[in-house]
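> With the numbering used here applied, the sequence shown corresponds to residues 22 to 505, in that order. To start, I am sharing the structure in question, which I have written as structure tokens.
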Amino acid sequence: MTTRIGWARGLATALVLAVLGGASVAAQEARKEAKADRPPNIVFILSDDEDLGIHPYMPKVKALIEDEGVTFDNAFVTYSLCCPSRSTILRGQYPHNTGVLGNLPPEGGFKTFRLLKREGSTVATWLQGVGYRTAFYGKYLNGYTEKDAPPPGWDEWHAANNNGYFNVDYKLNSNGKVVAYGDAPEDYLTDVIAEKASAHIRRFSAEGRPFFLYVAPFNPHSPYNPAPRHKGMFKDADLPRPPAFDEADVSDKPGFIQGLPLLSEKDVDDITGHYRARLECLQAIDDLAERLVGTLKDVGQLDNTYVVYASDNGFHLGLHRMKEGKDTAYEEDIRVPFALRGPGVPKGGHVGAMVLNNDFAPTFAAMAGVTPPGFVDGRSLLPLLKDPAAPWRRSFLVQRLGLEADERLKPANALAVRTGRYALTSYNDGEHELYDLETDPHQLHSMEPMADPALVEALTEKITQLKVCRGEACREAEDAPVGE
Ligand SMILES: [Ca+2]
Ligand SMILES: [Ca+2]
22 MTTRIGWARG LATALVLAVL GGASVAAQEA RKEAKADRPP NIVFILSDDE
72 DLGIHPYMPK VKALIEDEGV TFDNAFVTYS LCCPSRSTIL RGQYPHNTGV
122 LGNLPPEGGF KTFRLLKREG STVATWLQGV GYRTAFYGKY LNGYTEKDAP
172 PPGWDEWHAA NNNGYFNVDY KLNSNGKVVA YGDAPEDYLT DVIAEKASAH
222 IRRFSAEGRP FFLYVAPFNP HSPYNPAPRH KGMFKDADLP RPPAFDEADV
272 SDKPGFIQGL PLLSEKDVDD ITGHYRARLE CLQAIDDLAE RLVGTLKDVG
322 QLDNTYVVYA SDNGFHLGLH RMKEGKDTAY EEDIRVPFAL RGPGVPKGGH
372 VGAMVLNNDF APTFAAMAGV TPPGFVDGRS LLPLLKDPAA PWRRSFLVQR
422 LGLEADERLK PANALAVRTG RYALTSYNDG EHELYDLETD PHQLHSMEPM
472 ADPALVEALT EKITQLKVCR GEACREAEDA PVGE
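Spelled out as structure tokens, the structure:
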């Protein structure tokens, strides 16, 4: 690993001069020099189960992050489920390499991640290792309880137990101490997170240390409990009905979809209620983003901070006859909102390259000037910020084991490959789905089994390579042309 020696030396000089006293002007100058050369801070806000469809309902996130930075229009997760995605985010690896392939042991969950000792090397330990202050807030990995000791790598640790989904009556493990919260308006978890993170930004800044904040509210995950001040805000919002909504003809679809009836009136009523509550739940994140950006500005660190916004997975409501959920390889589940602002990042820019949750950890490492470990499968996105047309991956793997999914979806375990144009999903019962996303972006007409056999073979081979790839081999396999 490499560090920014100049920053470390500058800080040391400032501290020595400050300790010596007397030479106050020299000390001030040295502190200024240290500040100017200070590595950038990173504030990473990760929402839970937020799909691209509801993302535009956060005007503050748009104004303060997207309009001030770059939006990635093709951002994906390699497994559309909380714990696999969050494990990937911590390590920059595909799920087959984190070993977390579900939300529950033995396939996945917090306990699996801990048992496999994955916490010994995460983006937190890498950044802490080069002098960053690191802080975690909110939802860690599924199955984490307030009694579980904080993992290595975090200077500040404030992770919630399972009740965090309600945003009230939860417990936090705060730096090893269990703290219980009630259900008063000021106990709303996303607001508590904002308060703590804001205070730590002030403290870390005063200490003259660069910082990495991982801010993970549970919103807008079910059971959809918005902050009291936002309840009813979207009570009349119309449920979007994109072309895949309640898909009429599912004869092109695999058996688990063909077995679903058309949505009933009650289904649509339920979904509509949840949609409205999801929009309301987003508002607390919008407030959180505003608060953190405001604090960064107050302490003079906004221009030296990457503020990054993403969701851990997408979500579907009524699409392809599925009522509500994630954990499929359909576009709405694997696509996530993703934008960032920061030093040198052009304002209002867009990047079309396919970027992954695998890329978050190596990107944060690159921002901090750290070379990540060889086990990392993802790659730094910084080259795309300099040149959106930089050479980039042409495909990636999506895993979808559906181990805890809806009972009817259980036989549908799958591996999928996504290229710039095609999406092939290969189910373990021998069924396939293949879409040409240029002509069928809503995935209404699977080309299987009428597709060109050479195309199917090329895409299937790519799945075979990617499902066992590690580190550099993943990047090589992703970069090679496939079926186009
Ligand atoms: Ca999630
Ligand atoms: Ca169809």
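C-beta atoms are modelled at their ideal positions from N, C-alpha and C, and glycine is treated no differently. This structure is a prediction, so every number in the text was calculated from the model and none was measured.
#1: Closer than 5 Å between the C-beta and any heavy atom of ligand 2: which residues qualify, listed along the chain?
#2: Skipping 5 residues on each side, what residues in its chain have a beta carbon closer than 6 Å to that of residue 289?
#3: May I ask whether a heavy atom of ligand 1 can be found less than 6 Å away from the beta carbon of residue 291?
#4: In three-state terms, what does DSSP make of residue 167?
#5: Would you call the stretch 384-391 in contact with the stretch 147-160, where contact means no fewer than 3 C-beta pairs closer than 8 Å?
#6: Taking only the alpha-carbon atoms, compute the straight-line gap between residue 192 and residue 211 and give it to the nearest angstrom.
#7: By a C-beta neighbour count over all protein chains shown, 10 Å radius and 16 as the cutoff for buried, is residue 342 buried or exposed?
#8: So, at 6 Å on beta carbons, what are the nonlocal neighbours of residue 490 in its own chain, with the 5 sequence-adjacent residues on each side left out?
#9: Please classify residue 375 as buried or exposed, where buried requires at least 16 other C-beta atoms within 10 Å of its C-beta.
#10: Can you find a heavy atom of ligand 1 that lies under 6 Å from the Cβ of residue 103?
#11: So for residue 147, helix, strand or coil by DSSP?
#12: If you scan the stretch 292-316 from start to end, which runs of the beta strand (DSSP E) of 3 or more residues do you find wholly inside it?
#13: Which two residues bound the contiguous beta strand (DSSP E) that contains residue 499?
#14: Please state if the CB of residue 159 and the CB of residue 181 are separated by a distance shorter than 7 Å.
#15: Spell out the partners DSSP gives residue 234 in its beta bridges.
#16: Taking only the alpha-carbon atoms, compute the straight-line gap between residue 316 and residue 355 and give it to the nearest angstrom.
#17: Starting from residue 93 and walking both ways along the alpha helix (DSSP H), at which residues does that stretch end?
#18: Using a Cβ-Cβ cutoff of less than 6 Å, which residues in the same chain neighbour residue 108 once the five nearest sequence positions on both sides are dropped?
#19: Identify every residue that forms a DSSP beta bridge with residue 341.
#20: Using the rule of at least 16 other Cβ atoms within 10 Å of the residue's Cβ for burial, across every protein chain shown, is residue 346 buried or exposed?
#21: According to the neighbour-count rule (16 or more other Cβ atoms, all chains shown, within 10 Å of its Cβ), is residue 262 buried or exposed?
#22: So is the beta-carbon of residue 88 under 6 Å away from any non-hydrogen atom of ligand 1?
#23: Determine the extent of the alpha helix (DSSP H) in which residue 106 is found, giving its start and end residues.
#24: Skipping 5 residues on each side, what residues in its chain have a beta carbon closer than 8 Å to that of residue 457?
#25: Nearest to residue 295 by CA position, among 322, 340, 197 and 242, is which residue?
#26: Give every residue of the same chain whose Cβ lies closer than 8 Å to the Cβ of residue 337, excluding the five residues on either side of it in the sequence, and list them in chain order.
#27: Measure the beta-carbon distance from residue 64 to residue 234 and round it to whole angstroms, keeping in mind my assumption that it falls under 8 Å.
#28: Return the chain-ordered list of same chain residues with a C-beta closer than 8 Å to the C-beta of residue 398, the five sequence neighbours on each side being excluded.
#29: With 16 as the cutoff for other CB atoms within 10 Å, does residue 162 come out buried or exposed?
#30: Within the chosen definition, does the stretch 92-99 reach the stretch 260-280 through at least 3 CB pairs nearer than 8 Å?
#31: Under 8 Å by Cβ, that's how I've got residue 94 and residue 334 pegged, so tell me the actual separation to the nearest angstrom.
#32: Could you give the residue range of the beta strand (DSSP E) that holds residue 457?
#33: Would you give the residue range spanned by the alpha helix (DSSP H) that residue 135 belongs to?
#34: Tell me the DSSP secondary structure of residue 39 in three-state form.
#35: Can you give me the C-alpha to C-alpha distance between residue 197 and residue 165, rounded to a whole angstrom?
#36: Counting only the same chain and skipping the five closest in sequence on each side, list residues whose C-beta sits under 7 Å from that of residue 300.
To lay it out plainly:
#1: 270, 273 and 465
#2: none
#3: Checking the 6 Å criterion, the Cβ of residue 291 is out of range of every heavy atom belonging to ligand 1.
#4: Three-state DSSP puts residue 167 in coil, outside helix and strand.
#5: yes
#6: Distance from the CA of residue 192 to the CA of residue 211, rounded to the nearest whole angstrom, comes to 13 Å.
#7: buried
#8: Contacts found: 498.
#9: buried
#10: yes
#11: In the structure shown, residue 147 falls within a helical segment according to DSSP collapsed to helix, strand and coil.
#12: none
#13: Segment 493-500 is the alpha helix (DSSP H) holding residue 499; no beta strand (DSSP E) there.
#14: Closer than 7 Å, so yes.
#15: Bridge partners of residue 234: 64 and 156.
#16: 32 Å
#17: Segment 91-93 is the beta strand (DSSP E) holding residue 93; no alpha helix (DSSP H) there.
#18: 119, 121 and 134
#19: Residue 341 is not bridged to any residue.
#20: buried
#21: Label assigned to residue 262: exposed.
#22: no
#23: 103-112
#24: Non-local C-beta neighbours of residue 457 in its own chain, meaning closer than 8 Å and more than five positions away in sequence, comprise 442, 443 and 468, ordered along the chain.
#25: 242
#26: 72, 343, 345, 346, 347, 349, 351, 353 and 354
#27: 5 Å
#28: Excluding positions up to five away in sequence, the list reads 113, 114, 115, 118, 379, 490, 491, 492, 495 and 496.
#29: buried
#30: Touching, no.
#31: Actually they do not touch by this definition, with Cβ atoms about 18 Å apart.
#32: 453-457
#33: First-last of the alpha helix (DSSP H) with residue 135: 130-136.
#34: Here the model assigns residue 39 a pLDDT of 41, short of 50, so the residue's position is not dependable, and the following value carries that caveat. When secondary structure is reduced to three states using DSSP, residue 39 falls in the helix class.
#35: 13 Å
#36: Once the five neighbours on either side are set aside, the close Cβ partners of residue 300 are 75, 78, 255 and 258.
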